[in-house]
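*Asks:* For the sequence shown, the working numbering assigns the number 290 to the initial residue and increments by one for each residue that follows.
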Amino acid sequence: MSSVTIRFLFFVIILTPLLSVMKHPAIKPAPVKVTARLNWLSLKQVQDSARINPKPILIDLYTSWCGWCKVMDKKTYSDKNVIEYLQKNFYVVKLDAETKTDLNWYGRTYRFNPNYRANDFAVYLTNGNLSFPTTIVIPASNIPPQAIPGYLEPKDFEMIARYFGEDKYGKVAFNVFQQTFKSTW
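(1) Jot down the residue ranges of each uninterrupted alpha helix (DSSP H) in the stretch 402 to 447, minimum 4 residues, whole runs only, in chain order.
(2) Could you spell out the range, first to last residue, of the alpha helix (DSSP H) harbouring Trp329?
(3) Counting only the same chain and skipping the five closest in sequence on each side, list residues whose C-beta sits under 6 Å from that of Phe470.
(4) By how many angstroms is the C-alpha of Gln468 removed from the C-alpha of Val382?
(5) Can you give the beta carbon distance from Val360 to Pro443, rounded, assuming they're within the 8 Å contact cut?
(6) Quick check: the Cα distance between Ile348 and Leu330, rounded to an integer number of angstroms?
(7) By a C-beta neighbour count over all protein chains shown, 10 Å radius and 16 as the cutoff for buried, is Lys312 buried or exposed?
(8) Within the same chain, show all residues whose beta-carbon is closer than 6 Å to that of Thr388, passing over the 5 residues directly before and after it, in chain order.
(9) When you compare only the Cα positions, how much space is there between Ser338 and Asn431?
(10) Less than 7 Å between C-beta atoms, sequence neighbours within five positions excluded: which residues of the same chain meet that for Phe453?
(11) As a quick exercise: from Ser367, Cys355, Ile341, pick the residue whose alpha carbon is nearest that of Asn328.
(12) Is Pro433 closer than 7 Å to Thr423 when the C-beta atoms are compared?
(13) Consult DSSP for Trp354 and reduce its assignment to one of helix, strand or coil.
(14) Under 7 Å Cβ to Cβ from Asn464, same chain only, skipping five residues before and after it: list those, please.
Written as structure tokens, this is what we have:
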């Protein structure tokens with residue numbers, strides 16, 4: 290092979306692809322959609338963690354058949370602001386109200402109650418007023434659970450989360466807090 294032929298082949302085989310890449314702007318991959326999720330804890334994990342580092346506890350009380358519970362999962366508990374705030378300021382638990390598994394909470398065992406068709410822990414958390422979804426907040430270990438029934442959009446959820454997360458419960462009446470609250474989400 291002559292040197293001209295070798296140069297020609299070199300140009301065709303090696304340089305053509307390199308030159309064609311240089312003519313076109315770099316193709317950028319589509320940004321990766323990061324879907325952060327809440328780190329739901331078990332009741333045992335929450336009890337162990339709260340003893341070491343006390344924080345309010347938020348329990349998402351749901352059932353498998355509850356449509357609004359699924360909407361709240363998809364819209365509220367998937368919202369980046371909700372996730373960020375809850376992970377920083379609360380211990381979070383997702384609890385099926387109809388679980389037939391025995392649940393232990395600070396030395397007491399709760400069992401499925403056929404009269405309510407729910408676990409007695411769910412009955413305790415809601416003071417017997419079961420509805421789904423219900424957001425339960427336990428501000429501190431010596432304060433009874435606070436049940437907020439119904440679907441909450443992120444903007445409505447923010448006010449409740451901040452009321453408990455910023456330790457306003459028991460110090461500022463909720464209606465006063467509500468009047469002065471400015472949403473940042």
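From the three backbone atoms N, C-alpha and C, an ideal C-beta is built for every residue, glycine too.
*Replies:* Looking at the coordinates:
(1) 409 to 415
(2) Premise fails: Trp329 is in no alpha helix (DSSP H) and is neither H nor E.
(3) Met448
(4) 29 Å
(5) With 8 Å as the limit, Val360 and Pro443 do not qualify as a contact, their Cβ atoms being about 12 Å apart.
(6) 10 Å
(7) Confidence at Lys312 is low in this model, with a pLDDT of 46, below 50, so its placement is unreliable and no value can be given for it.
(8) Asn408
(9) 16 Å
(10) Pro345, Val426, Pro428
(11) Ser367
(12) no
(13) coil
(14) none
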